[in-house]
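Chemist: Okay, so the sequence shown: first residue is 1189 according to our numbering, each after it adds one. Backbone N, C-alpha and C fix where the C-beta goes; we use that ideal spot for every residue, glycine too. If you're wondering where the values come from, they're calculated on a predicted model, not measured in any experiment. I am attaching a structure below and will ask some questions about it afterwards.
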Amino acid sequence: MSPSRILVVEDNPKNLKLVRDVLQFSGYEVIEATSGEDGVRLAASEEPDLILMDLQLPGIDGAEALRRIRSGARTREVPVVAVTAFAMDHDREHAFASGFTGYVEKPISIRRLPQQIKDFLRLGGVT
């Protein structure tokens, strides 16, 4: 069985490296995008099993990228998890209202992230 493919959409190089390193160490194949536009393009061409999407991105933001991903026939059902430094309850509610299927807060816990990803994949993103 091939490893799950995770598309990480993150414009901060340090955050991207951290997530990539943790996921690769945990056995996942990682695809990287540094803008919402690239994330939408790679979601369509690479067919990831899960997308981790920063909400604050240059160009189109995470919510707009999600809207575009959801409009594609091949990407409509891919779980997309919001990743954000905002930790207020209304931010979490806004992410779910926007159509995200999960939510991970920054700073990302390198101890919890592998299990969170496993849960998102198993549950289709909802946690």
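1. Let me check understanding here. Comparing Cα to Cα, which of 1203, 1215, 1214, 1236 lies closest to residue 1222?
2. Looking at the unbroken beta strand (DSSP E) that takes in residue 1235, where does it start and where does it end?
3. Just reading off the beta strand (DSSP E) that residue 1273 is part of, what are its end residues?
4. With a threshold of 16 other CB atoms inside 10 Å of the CB of residue 1205, please say whether the residue is buried or exposed.
5. Hey, residue 1194 and residue 1228 are a contact pair by Cβ (cut 8 Å); roughly how many whole angstroms apart?
6. Residue 1243 and residue 1270 - do their beta-carbons sit closer together than 8 Å?
7. Helix, strand or coil for residue 1248? Go by DSSP, reduced to three states.
Modeler: On the basis of the coordinates in this document:
1. 1203
2. It is not in any beta strand (DSSP E) - residue 1235 carries neither H nor E in the DSSP assignment.
3. Premise fails: residue 1273 is in no beta strand (DSSP E) and is neither H nor E.
4. exposed
5. About 16 Å separates the two Cβ atoms, so there is no contact after all.
6. yes
7. coil
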